[in-house]
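Student:
Residue numbers (our numbering): 9 to 129.
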């Protein structure tokens, strides 16, 4: 039961990713800002749909996992505009601390491999 509670705890925490706004606007009539959850979902779907166009063999399952995990740290660290050099300099440490906190919410045998996958990304 403790394992399930930890997994559900992280899932509930990850719901906050829907509130992290990016600088990218979605293709819609209102041109609203995209949130980080939408971004992760969209790039994961892109990996699935565009797999056939890769220049070499791709483990799409691994890539999708990476893409779904890559921005979860923005829950704590926020999204940094790619051209904001000053903020980007501090972002790496903030993201590492966020990754450690989030993946530590899981059972060790699940959290550690996911942290390693996030670090690889």
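Where is the CB? At the ideal position from N, CA and C, for every residue including glycine.
#1: Does the beta-carbon of residue 103 have 16 or more other beta-carbons within 10 angstroms, so that it is buried, or is it exposed?
#2: Any idea if residue 110 is buried or exposed, counting beta-carbon neighbours within 10 angstroms, 16 or more meaning buried?
#3: On the three-state DSSP scale, how would you describe residue 31?
#4: Of the choices 9, 99, 24, 17, whose alpha-carbon is the least far from that of residue 83?
#5: As a quick exercise: from 128, 120, 11, pick the residue whose alpha carbon is nearest that of residue 70.
#6: Please state whether the Cβ-Cβ distance between residue 107 and residue 125 is less than 8 Å.
#7: My guess is that residue 66 and residue 59 are in contact by the Cβ rule of under 8 Å, so how many angstroms apart are they, rounded?
#8: Is residue 21 closer than 8 Å to residue 113 when the C-beta atoms are compared?
#9: What residues match up with residue 41 in a beta bridge as DSSP calls it?
#10: Check this for me: beta carbons of residue 117 and residue 30, under 8 Å apart or not?
#11: Residue 48 and residue 76: beta carbons closer than 8 Å?
#12: Sorted by chain position, which residues of the same chain lie with C-beta nearer than 6 Å to residue 17's C-beta, five sequence neighbours on each side aside?
Tutor: Put simply:
#1: With 16 or more other Cβ atoms from the protein chains shown falling within 10 Å of its own Cβ, residue 103 counts as buried.
#2: Result: buried.
#3: In the three-state scheme derived from DSSP, where H, G and I count as helix and E and B as strand, residue 31 is classed as strand.
#4: Per the Cα distances, 24.
#5: Comparing Cα positions, the closest option is 128.
#6: Residue 125 is positioned such that its CB atom lies no closer than 8 Å to that of residue 107.
#7: 6 Å between Cβ atoms; contact.
#8: At the C-beta level, residue 113 and residue 21 come within 8 Å of one another.
#9: Beta-bridge pairing links residue 41 to 33.
#10: Not in contact: residue 117 and residue 30 (Cβ atoms no closer than 8 Å).
#11: In this structure, residue 48 places its C-beta atom within 8 Å of the C-beta atom of residue 76.
#12: A distance below 6 Å between beta-carbons, with the five flanking residues on each side excluded, links residue 17 to the following residues of its chain, in chain order: 113.
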